[in-house]
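Here is the structure we will look at, set down as structure tokens.
In our numbering, the protein residues as written are 293 to 510.
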């Protein structure tokens with residue numbers, strides 16, 4: 293088909309791309325109505341509601357502006373920490389709830405074998421592709437509970453665990469950066485070990501209760 297040859301030879305730059313070229317060509321040729329285009333567009337957006345998150349380029353924009361805001365919106369009991377709440381607070385954790393110190397970490401689930409931009413290699417929750425998430429700069433000594441977000445293109449999975457459970461995980465690695473004397477660690481989650489976190493998955497919407505239960509687990 294001529295359109296396939298045009299796409300193959302096209303050197304589009306943002307905001308144009310091969311999909312925009314294909315759809316606009318089909319509309320121009322009368323092979324696709326505007327109503328059909330709208331249906332395709334809305335159906336794609338509804339099946340991939342989180343793709344915009346993969347376009348966040350700044351680490352702080354993803355980790356703080358998105359992840360922490362997303363979690364805070366799940367419970368009115370979650371507060372921004374301060375010295376008024378915790379006299380020992382000096383920026384070492386993210387959220388506070390009923391005396392529980394909470395650290396929020398997030399990672400986007402992408403194809404581990406792709407070199408494409410994040411939004412092009414974003415995976416859905418039913419993927420069979422290899423993936424890797426790296427939860428890093430972990431400081432279990434500075435918080436009581438970790439909340440981890442796994443962002444797929446279609447859902448966001450939440451794990452809630454206490455610091456002891458993170459440290460005791462068989463894949464937890466201490467001493468992430470040279471010279472930090474083991475104060476920071478990391479944990480890589482792939483298709484091979486993601487099931488080890490199943491017991492910590494948030495079921496339902498009662499995040500506050502999950503935090504309380506995690507903080508009490510031995």
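Ideal Cβ placement from N, Cα and C applies to all residues, glycine included. Note that the coordinates shown come from a computational prediction; the quantities given were computed from them, not determined experimentally.
List the DSSP bridge partners of residue i.
| i | result |
| --- | --- |
| residue 442 | 399 and 449 |
| residue 482 | 424 |
| residue 465 | 478 |
| residue 389 | 392 |
| residue 458 | DSSP, once it has assigned bridges, lists no residue as partnering residue 458. |
| residue 357 | Residue 357 is not bridged to any residue. |
| residue 430 | 477 |
| residue 500 | Residue 500 is not bridged to any residue. |
| residue 414 | 402 |
Considering only residues of the same chain and omitting the five flanking positions on each side of residue i, which have a CB-CB separation below 8 angstroms?
| i | result |
| --- | --- |
| residue 405 | 421 and 422 |
| residue 461 | 479 and 488 |
| residue 471 | Residue confidence is low: residue 471 scores 45 on pLDDT, short of 50, so the model does not pin down where it sits. Its coordinate-derived value is still stated next. So the list is empty, once near-sequence residues are dropped. |
Comparing alpha-carbon positions, which option in the options lies nearest residue i?
| i | options | result |
| --- | --- | --- |
| residue 360 | 350, 387, 451 and 504 | 387 |
| residue 466 | 347, 428 and 335 | 428 |
| residue 494 | 457, 425, 508 and 453 | 453 |
| residue 397 | 419, 347 and 358 | 358 |
| residue 476 | 455, 501, 483 and 484 | 455 |
| residue 330 | 312, 451 and 412 | 312 |
| residue 444 | 342, 352 and 510 | 342 |
| residue 464 | 450, 486 and 446 | 486 |
| residue 339 | 414, 432 and 371 | 414 |
| residue 440 | 336, 484, 506 and 377 | 506 |
| residue 446 | 337, 316 and 324 | 337 |
Leaving aside the five residues before and after residue i along the sequence, list all residues of the same chain whose C-beta is less than 6 angstroms from its C-beta, in chain order.
| i | result |
| --- | --- |
| residue 395 | 385, 386, 435 and 438 |
| residue 381 | 373 and 375 |
| residue 481 | 425 |
| residue 393 | 385, 435 and 436 |
| residue 289 | Given that the chain is displayed from residue 293 to residue 510, the structure contains no residue 289 and the question cannot be resolved. |
Thinking residue i and residue j are a contact (beta carbons under 8 angstroms), I'd like their distance in whole angstroms, please.
| i | j | result |
| --- | --- | --- |
| residue 430 | residue 478 | 6 angstroms |
| residue 417 | residue 499 | Contact flag wrong, Cβ pair sits at about 19 angstroms. |
| residue 332 | residue 400 | Contact doesn't hold; Cβ gap of about 25 angstroms is too wide. |
Enumerate in chain order the residues of its own chain whose CB-to-CB distance from residue i is below 7 angstroms, with the five nearest sequence positions on each side excluded.
| i | result |
| --- | --- |
| residue 473 | Because the pLDDT of residue 473 is 49, which lies under 50, any placement of that residue in the model is unreliable, and the number read from its coordinates should be weighed accordingly. Nothing listed; no residue qualifies. |
_Those runs of the beta strand (DSSP E) which lie wholly inside the stretch 307–389 and span at least 3 residues_ = 387–389
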